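Per my numbering, the sequence shown starts with residue -15, numbered consecutively.
As structure tokens, the structure follows; a few thoughts come after it.
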Amino acid sequence: MLREPSYLDEHVTQSREDGKQAQVLGKVIPYILRYPKSLVFSLISIVIASLTVLGVGAGLRYFVDDGFSEGSTLGLASSLLGLFIIICFMALSSYGRLYWVSQLSERVIVDLRNDIFSHLLKQSVSFFETTSLGEIQSRLTTDTTLLQIVLATSIPIALRNMLIVVGGLIMLILTSPILTGIITVIIPLILIPILVYGKKVQRYSQLAQEKTADIAVRLDETFGAIRTVFAFCRESYMSLLFSRQVENTYQASLKRIEARARLTALVMILVFTGISAVLWFGGLRVLKGQMSPGHLSAFLFYAAAVAGAAGSLSEIYGDILRAAGGVERIFEFLSLKPRITVSDNSQHLPYPIKGHLQFEDVNFAYPARPHRLVLKDISFEVTKGETVALVGPSGVGKTTIFNLLMRFYDPLNGQILFDGIPLEKLELHTLREAIGLVPQEPFLFSTTLYENIRFGNLSASNDDIQKAAKAAYADEFIESLPEGYHTQVGEKGITLSGGQRQRIAIARTILKNPSLLLLDEATSALDTESEQIVQKALASLKHDRTTLIIAHRLSTIAAADRVIVLNQGKIKATGTYEALNQQIGDVSGLRAS
Ligand SMILES: Nc1ncnc2c1ncn2[C@@H]1O[C@H](COP(=O)(O)OP(=O)(O)O)[C@@H](O)[C@H]1O
Ligand SMILES: [Mg+2]
-15 MLREPSYLDE HVTQSREDGK QAQVLGKVIP YILRYPKSLV FSLISIVIAS
35 LTVLGVGAGL RYFVDDGFSE GSTLGLASSL LGLFIIICFM ALSSYGRLYW
85 VSQLSERVIV DLRNDIFSHL LKQSVSFFET TSLGEIQSRL TTDTTLLQIV
135 LATSIPIALR NMLIVVGGLI MLILTSPILT GIITVIIPLI LIPILVYGKK
185 VQRYSQLAQE KTADIAVRLD ETFGAIRTVF AFCRESYMSL LFSRQVENTY
235 QASLKRIEAR ARLTALVMIL VFTGISAVLW FGGLRVLKGQ MSPGHLSAFL
285 FYAAAVAGAA GSLSEIYGDI LRAAGGVERI FEFLSLKPRI TVSDNSQHLP
335 YPIKGHLQFE DVNFAYPARP HRLVLKDISF EVTKGETVAL VGPSGVGKTT
385 IFNLLMRFYD PLNGQILFDG IPLEKLELHT LREAIGLVPQ EPFLFSTTLY
435 ENIRFGNLSA SNDDIQKAAK AAYADEFIES LPEGYHTQVG EKGITLSGGQ
485 RQRIAIARTI LKNPSLLLLD EATSALDTES EQIVQKALAS LKHDRTTLII
535 AHRLSTIAAA DRVIVLNQGK IKATGTYEAL NQQIGDVSGL RAS
């Protein structure tokens, strides 16, 4: 799908380049601090976890030295008991880490998702025109999941490992300063090649991941447009495209697998070389009686713990950086300012609402195409209770007038008044509550007919809904469905016909009971019979309300109190149907979809 580059694109690519810093994770801290109890328990279990790892080393020393050398079973038993106690602590802290940390991270993600969602609902229509749904989805799902994993595993493990490295180094020095001196040379010799090669593996993993993401896009396109694919008999063609992509993914994974296998072999050789070196130097000292076997065992243990912890720290850092990218994008979303602004002293509509409209010299261009004026110097007035038809060729700006009335966008200049108050001074919801918009292609949610109609007024009873459906000439077809009003309409109402969907939308608007009606009349989707029914439904909706109707049918145009003829973004003529017919000839000739 082609689209204009969005505000986010610019910012996100930038942040991917220079913002990949672990510091952005700090933005999550306020979310974590909301749960001090979980946080404290999490930290305690992390500290205990690292202490117990270090404790195992000490236990090992007693086990080897006292357990065996004293020659008594008592020594063996008591050192085993000590080891067992340490293991119990380890298990307890593992439980704490797994439970409290995971619970905390899940909680944070819930809060973040809620915040993102409600923040998105504050954005204007134009934001959603320049931001793809996929982008929004991946913020809410992929990025937050990535963050959750990092919060639940990477960060706690990183903390634990840091403690192990620091504590382990202290224990190493305490156990044998000389051997510690030796391994400070050996450990880097082992770690550096592993880290360098590990980076390569990481790059391959990333590549493989990107290829996998491409598959998702292909799936979306193929099955989202399945009718088009079937209609053109492009099944095998799509399969070909897909298999090429899957093959690419395989090749990318193969590289990663190969590199990972080599890395594992490399690690084994290097680690064993390192251990042999320590055993050699340590063994010499044991043979000379400068060190006990237990000390050597403990030393080996600490050296392995420190090296292991330090090694995985760099790997974890990679994960954290990846999540940092996601966090950056999440907070990019959360810092967006809504484009439709409401003045601080916004007003409510004076009661009773009349539904009186004025356009005064309105000029408008869509944000996506700022240099193309869609509406030029539009001025007109619609008084209470009047029905006015908007007529003009397709693309002239009829729907745009509705968009401005709903304040989906603001005019470039000129102003629009509702009951004498400029729209930008009106509280946004008061305005939108007062208007009933039946769009050309109404949207139904994938729920029951009851709930779809109730969307117009959440406090409406089932009785009210049935009345509204009757008035919208929708009850007949609804009752003929096996499950009646409880029928699920499918995604976007796909199980209903165009005319049926429209009548549901009309019933929804009847339930809303607005003072001003905006009808975007659709004919192309309807056959003559359902057209007539929709027409009747619209008539019962118009009753007593100010109505602005985008009209295509001659009957609608002729029945309106007044007709406004638009041409090339301007008002060409206005007057009653009869007057206009005499003035400019065939008004109905101007109708188009
Ligand atoms: N969201 C949008 N962004 C940019 N241009 C738009 C948008 N919606 C409509 N347009 C353009 O504005 C013009 C008027 O559109 P519209 O008001 O929908 O016409 P119609 O009179 O058929 O209802 C068209 O040329 C259309 O291409
Ligand atoms: Mg239109």
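All C-beta atoms, glycine included, are put in the ideal place defined by N, C-alpha and C.
Just so we're clear, the structure is a prediction, and the values are computed from it rather than from any experiment.
Discussion item. Does the structure place the region 423 to 439 close enough to the region 467 to 481 that three or more beta carbon pairs sit under 8 Å?
Written reply: Using a C-beta cut-off of 8 Å, the region 467 to 481 makes contact with the region 423 to 439, since at least three inter-stretch Cβ pairs fall below that distance.
Worksheet item: Quick one: is the Cβ of Ser116 within less than 7 Å of any heavy atom of ligand 1?
Response: Numbered from 1 along the sequence shown, position 132 holds the residue referred to as residue 116. Taking 7 Å as the cut-off, the C-beta of Ser116 does not count as close to any heavy atom of ligand 1.
Practice prompt. Determine the contact status of Leu550 and Lys382, defining contact as a CB-CB distance below 8 Å.
Written response: One-based indexing of the sequence shown puts residue 550 at position 566. One-based indexing of the sequence shown puts residue 382 at position 398. A contact, by the Cβ cut-off of 8 Å.
Worksheet item: Does ligand 2 have a heavy atom nearer than 7 Å to the CB of Gln486?
Response: Taking the first residue of the sequence shown as position 1, residue 486 is located at position 502. Incorrect: Gln486 has no Cβ contact closer than 7 Å to ligand 2.
Item to complete: Measure the alpha-carbon distance for Val31 versus Leu147 and round it to whole angstroms.
Response: What you label residue 31 is simply residue 47 of the sequence shown in a count that begins at 1. What you label residue 147 is simply residue 163 of the sequence shown in a count that begins at 1. Across the structure, Val31 and Leu147 are spaced so that their CA atoms are roughly 8 Å apart.
Worksheet item: On the premise that Val422 lies in contact with Ala544, defined as a C-beta separation below 8 Å, what is that separation, rounded to the nearest angstrom?
Response: Your numbering for residue 544 matches position 560 in the sequence shown. Your numbering for residue 422 matches position 438 in the sequence shown. At roughly 16 Å, the Cβ-Cβ gap does not stay under 8 Å, so Ala544 and Val422 are not in contact.
Item to complete: Tell me whether the beta-carbon of Val150 lies closer than 8 Å to the beta-carbon of Leu247.
Response: Indexing the sequence shown from 1 puts residue 150 at position 166. Indexing the sequence shown from 1 puts residue 247 at position 263. Not a contact, by the Cβ cut-off of 8 Å.
Worksheet item: Under the rule that 16 or more other beta-carbon atoms within 10 Å means buried, what is Val311, buried or exposed?
Response: Along the sequence shown, one-based indexing puts residue 311 at 327. Val311 comes out buried.
Discussion item. Excluding the 5 residues flanking Leu284 on each side, which residues of the same chain have their C-beta closer than 8 Å to its C-beta?
Written reply: Residue 284 sits at position 300 when you count from the first residue of the sequence shown. Excluding residues up to 5 positions away in sequence, Ile259, Val262, Leu263, Gly266 lie with their Cβ nearer than 8 Å to the Cβ of Leu284 in the same chain.
Worksheet item: Going along the chain, which unbroken runs of the beta strand (DSSP E) with 3 or more residues stay wholly within the region 366 to 404?
Response: DSSP runs (the beta strand (DSSP E)) wholly in the region 366 to 404: 371 to 375, 397 to 402.
Discussion item. So if DSSP puts Thr432 in a beta bridge, which residue, or which two residues, is it bridged to?
Written reply: What you label residue 432 is simply residue 448 of the sequence shown in a count that begins at 1. For Thr432, which the question treats as bridged, DSSP gives the partners Gln472.
Worksheet item: Ser138: buried (16+ other C-beta within 10 angstroms of its C-beta) or exposed?
Response: Taking the sequence shown and counting its residues from 1, the one referred to as residue 138 is at position 154. Burial call: buried.
Item to complete: Compute the Euclidean distance between the alpha carbons of Ile157 and Lys183, then round it to the nearest angstrom.
Response: Mapped onto the sequence shown, residue 157 falls at position 173. Mapped onto the sequence shown, residue 183 falls at position 199. About 31 Å.
Discussion item. For a quick check, are the C-beta atoms of Val270 and Leu254 less than 8 Å apart?
Written reply: Taking the sequence shown and counting its residues from 1, one reaches residue 270 at position 286. Taking the sequence shown and counting its residues from 1, one reaches residue 254 at position 270. Taking 8 Å as the Cβ cut-off, Val270 and Leu254 do not qualify as a contacting pair.
Discussion item. Check this for me: beta carbons of Glu370 and Thr114, under 8 Å apart or not?
Written reply: What you label residue 370 is simply residue 386 of the sequence shown in a count that begins at 1. What you label residue 114 is simply residue 130 of the sequence shown in a count that begins at 1. Not in contact: Glu370 and Thr114 (Cβ atoms no closer than 8 Å).
Worksheet entry | Reference Leu376; option with closest CA among Asn145, Leu538, Ala236 | Within the sequence shown, residue 376 is the residue found at index 392, counting from 1. For the record, residue 376 in the displayed sequence is Gly; it is not Leu. Checking every option, the nearest Cα to that of Gly376 belongs to Leu538.
Worksheet item: My guess is that Ile210 and Val230 are in contact by the Cβ rule of under 8 Å, so how many angstroms apart are they, rounded?
Response: Taking the sequence shown and counting its residues from 1, the one referred to as residue 210 is at position 226. Taking the sequence shown and counting its residues from 1, the one referred to as residue 230 is at position 246. Their Cβ separation, rounded to whole angstroms, is 19 Å, which puts Ile210 and Val230 out of contact at 8 Å.
Practice prompt. Mind reading off the beta-carbon distance from Lys409 to Gln342? Whole number of angstroms is fine, and I expect it under 8 Å.
Written response: For the purposes of this step, residue 409 is taken as the residue at position 425 of the sequence shown. For the purposes of this step, residue 342 is taken as the residue at position 358 of the sequence shown. Lys409 to Gln342, Cβ: 14 Å. No contact.
Worksheet item: Would you say Ile548 touches ligand 2, meaning its beta carbon is less than 7 Å from a heavy atom?
Response: Indexing the sequence shown from 1 puts residue 548 at position 564. Ile548: no, Cβ never under 7 Å from ligand 2.
Worksheet item: What is the DSSP secondary structure of Ala352, reduced to helix, strand or coil?
Response: Locating residue 352 in the sequence shown gives position 368, where the first residue counts as 1. Coil at Ala352, not helix or strand.
Practice prompt. Would you kindly work out how many angstroms separate the C-alpha atoms of Phe586 and Arg123, rounded to a whole number?
Written response: Past the boundaries of the shown model lies residue 586; the chain is included only from -15 to 577, so the question cannot be answered.
Worksheet entry | Beta-carbon proximity of Trp84 to Ser34, cut-off 8 Å | Residue 84 sits at position 100 when you count from the first residue of the sequence shown. Residue 34 sits at position 50 when you count from the first residue of the sequence shown. No. Outside cutoff.
Worksheet item: Do you know how far the Cα of Asn387 is from the Cα of Arg353?
Response: Working through the sequence shown from its first residue, we reach residue 353 at position 369. Working through the sequence shown from its first residue, we reach residue 387 at position 403. Computed Cα separation, rounded: 15 Å.
Discussion item. Between the alpha carbons of Ser189 and Leu407, how many angstroms are there, rounded?
Written reply: Counting from one through the sequence shown, the residue named residue 189 turns up at place 205. Counting from one through the sequence shown, the residue named residue 407 turns up at place 423. Computed Cα separation, rounded: 53 Å.
Worksheet entry | Host alpha helix (DSSP H) of Arg45 (start-end) | Walking along the sequence shown from the start, residue 45 turns up at place 61. Note, Arg45: alpha helix (DSSP H), 20 to 46.
Fill in: Residue interval of the beta strand (DSSP E) (run including Leu297)
Taking the first residue of the sequence shown as 1, we reach residue 297 at position 313. Element bounds for Leu297: not the beta strand (DSSP E) but the alpha helix (DSSP H), 277 to 318.
Discussion item. Under 8 Å: do the region 163 to 171 and the region 215 to 233 share three or more Cβ pairs, one atom per stretch?
Written reply: In short, these stretches do not touch, since the Cβ pair count stays below three.
Worksheet item: Alpha carbon to alpha carbon, how far is Ser22 from Ile13?
Response: As a working mapping, residue 22 is identified with position 38 in the sequence shown. As a working mapping, residue 13 is identified with position 29 in the sequence shown. So the alpha carbons of these two residues sit roughly 13 Å apart.
Fill in: Tyr561 burial status per 10 Å Cβ neighbour count (16 or more: buried)
Numbered from its first residue, the sequence shown carries residue 561 at position 577. With 16 or more Cβ atoms within 10 Å of its Cβ, Tyr561 is classed as buried.
Fill in: Cβ separation of Gly440 and Thr493, assumed to be a contact under 8 Å, to the nearest whole Å
Residue numbering aside, residue 440 sits at position 456 when the sequence shown is read from its first letter. Residue numbering aside, residue 493 sits at position 509 when the sequence shown is read from its first letter. Contact flag correct, Cβ pair sits at about 6 Å.
Practice prompt. Indicate whether Ile490 and Leu442 have their beta-carbon atoms separated by less than 8 Å.
Written response: Taking the first residue of the sequence shown as 1, we reach residue 490 at position 506. Taking the first residue of the sequence shown as 1, we reach residue 442 at position 458. Going by C-beta atoms, Ile490 is not nearer than 8 Å to Leu442.
Practice prompt. Kindly identify the DSSP beta-bridge partner or partners of Lys554.
Written response: Reading the sequence shown from its first residue, position 570 is the one you call residue 554. Lys554 pairs with Asn551.
Fill in: Bridge partner(s) assigned by DSSP for Val346
As a working note, residue 346 is residue 362 in the sequence shown. BP columns for Val346 point to Ile362.
Worksheet item: Where do the N-terminal and C-terminal ends of the beta strand (DSSP E) with Val422 fall, by residue?
Response: To locate residue 422, count along the sequence shown from 1; it is residue 438. Per DSSP, Val422 belongs to the beta strand (DSSP E) from 419 to 422.
Discussion item. Let me check understanding here. Comparing Cα to Cα, which of Glu242, Asp204, Lys526, Phe402 lies closest to Pro336?
Written reply: As a working note, residue 336 is residue 352 in the sequence shown. Looking only at Glu242, Asp204, Lys526, Phe402, the smallest Cα-Cα distance to Pro336 is reached by Phe402.
Discussion item. Counting C-beta neighbours from all protein chains within 10 Å, is the total for Asn145 16 or more, i.e. buried, or is it exposed?
Written reply: Along the sequence shown, read from residue 1 onward, the residue named residue 145 stands at position 161. Counting Cβ neighbours within 10 Å, Asn145 comes out buried, since at least 16 surround it.
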